[in-house]
Amino acid sequence: MENLPSILTPDLGLLFWMLIAFLVVFGVLAKFGFPAIVNMVDSRKQYIDESLKKAHEASARLENIQKEGETMLQEARQKQAQILKEAADTREAIVSKAQEQARHEAARLIEEAKADIAQEKAAAISEIRAQVAELSVKVAEKILRKELDSSENQMETIDRLLDEVSVK
Numbered sequence: 000m001e002n003l004p005s006i007l008t009p010d011l012g013l014l015f016w017m018l019i020a021f022l023v024v025f026g027v028l029a030k031f032g033f034p035a036i037v038n039m040v041d042s043r044k045q046y047i048d049e050s051l052k053k054a055h056e057a058s059a060r061l062e063n064i065q066k067e068g069e070t071m072l073q074e075a076r077q078k079q080a081q082i083l084k085e086a087a088d089t090r091e092a093i094v095s096k097a098q099e100q101a102r103h104e105a106a107r108l109i110e111e112a113k114a115d116i117a118q119e120k121a122a123a124i125s126e127i128r129a130q131v132a133e134l135s136v137k138v139a140e141k142i143l144r145k146e147l148d149s150s151e152n153q154m155e156t157i158d159r160l161l162d163e164v165s166v167k
């Protein structure tokens, strides 16, 4: 059994050829394989770094856009509140102006109505006085005709009227 080669204790020649094969494979890999692998790993690392950088930039831009959006939204809310306040103030001014105009118009119409009523009242009183005077004259005429039928009655009436006029 001593002549049989053992797997655990290889011969010196086997070791030599294994070392040569290893060095050749290692040399070929070192010359061609490792630089390609290292380049691929470096390019992958660079791609990942750039992607992370772009992601951070995009995140920063998104955050900035969100802040701008919130600022714009806040400004829009403030403008909306201001516009609503101005609209309410304008509405109040218009309503109060319309109420004031309505009060003035109502007062003017009342004054016109009072003036018309007073004018019509004066005209009616004047007309009634004219009618009363006319009726009084007619009644007096009829009474005087009746009383002045006889000359004796005429003389008494004239004396009485002269006495009344003289007394006053």
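Going by numbering that gives the first Met the number 0, 109 is the number at position 110 of the sequence shown; the sequence numbering is gapless.
We put the CB at the ideal spot given by N, CA and C, even for glycine.
Please read these numbers as outputs of a predicted model, since none were measured by experiment.
- Taken through DSSP and simplified to helix, strand or coil, L7 comes out as coil.
- In the three-state DSSP reduction, D148 falls in the coil class, being neither helix nor strand.
- A straight-line Cα-Cα distance of about 37 Å links G32 and A57.
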